[in-house]
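These notes concern the structure reproduced below.
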């Protein structure tokens with residue numbers, strides 16, 4: 067993979083080094099991002115508007131499977147999911163995490179702003195207390211109605 071968007075793909079250690087070079091506010095969000103849809107794009111663009119740089123933590127395939135979304139999920143591999151995200155203008159850094167939650171990655175990157183969709187209650191946002199304790203903000207972005215990967219997968223499986 068060549069080109070500037072592929073350069074956005076970083077290991078956790080590379081992401082921490084990248085973070086150290088940035089001046090300005092870092093925004094962080096995370097998810098599986100399986101079968102990218104308009105709701106994902108809206109979330110990422112809204113997140114990017116909250117600061118100067120956007121880092122996106124992406125569950126590895128193993129981590130995504132542990133979330134219990136079904137045996138056939140994720141549909142797209144971690145390599146495909148991260149590569150697509152890196153191609154988006156709103157995204158500055160994409161990093162995989164294999165843990166069940168992104169807390170270690172959040173603590174390593176020390177974002178100024180943590181963003182999740184408003185389908186997550188404030189008390190269910192991993193890392194929120196940690197970010198706020200450091201003087202950062204937690205922002206919940208409205209979810210775009212009618213879009214979810216689970217609904218897309220179910221529609222594809224439905225008999226025609």
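Numbering (this note's numbering), first residue to last: 67 to 226. Even for Gly, the Cβ is constructed at its ideal location relative to N, Cα and C. Computed from a prediction, not measured in an experiment: that's the story for all the values here.
Nearest by alpha-carbon distance to residue i: which of the options is it?
| i | options | result |
| --- | --- | --- |
| residue 173 | 202, 147 and 185 | 202 |
| residue 115 | 94, 104, 167 and 102 | 94 |
| residue 194 | 209, 167, 131 and 211 | 167 |
| residue 91 | 208, 209, 135 and 204 | 204 |
| residue 133 | 157, 149, 152 and 99 | 99 |
| residue 101 | 80, 122, 185 and 148 | 148 |
With DSSP as the reference, label residue i as helix, strand or coil.
| i | result |
| --- | --- |
| residue 141 | coil |
| residue 167 | coil |
| residue 183 | strand |
| residue 192 | coil |
What's the gap between the Cα of residue i and the Cα of residue j?
| i | j | result |
| --- | --- | --- |
| residue 161 | residue 110 | 14 Å |
| residue 228 | residue 70 | With the chain running from 67 to 226 in the structure shown, residue 228 is simply not present. |
| residue 118 | residue 225 | 45 Å |
| residue 106 | residue 187 | 18 Å |
| residue 128 | residue 103 | 22 Å |
| residue 126 | residue 178 | 24 Å |
| residue 197 | residue 175 | 10 Å |
| residue 72 | residue 138 | 27 Å |
| residue 84 | residue 154 | 18 Å |
| residue 209 | residue 190 | 16 Å |
| residue 158 | residue 120 | 5 Å |
| residue 211 | residue 181 | 18 Å |
| residue 88 | residue 82 | 10 Å |
| residue 34 | residue 206 | Examination of residue 34 is not possible in this model, given that the chain is present from 67 through 226 alone. |
- Tell me the start and end of each unbroken beta strand (DSSP E) in the region 70 to 147 that is at least 3 residues and wholly inside, in chain order. Counting only runs of 3 or more, we get 92 to 97 and 119 to 125.
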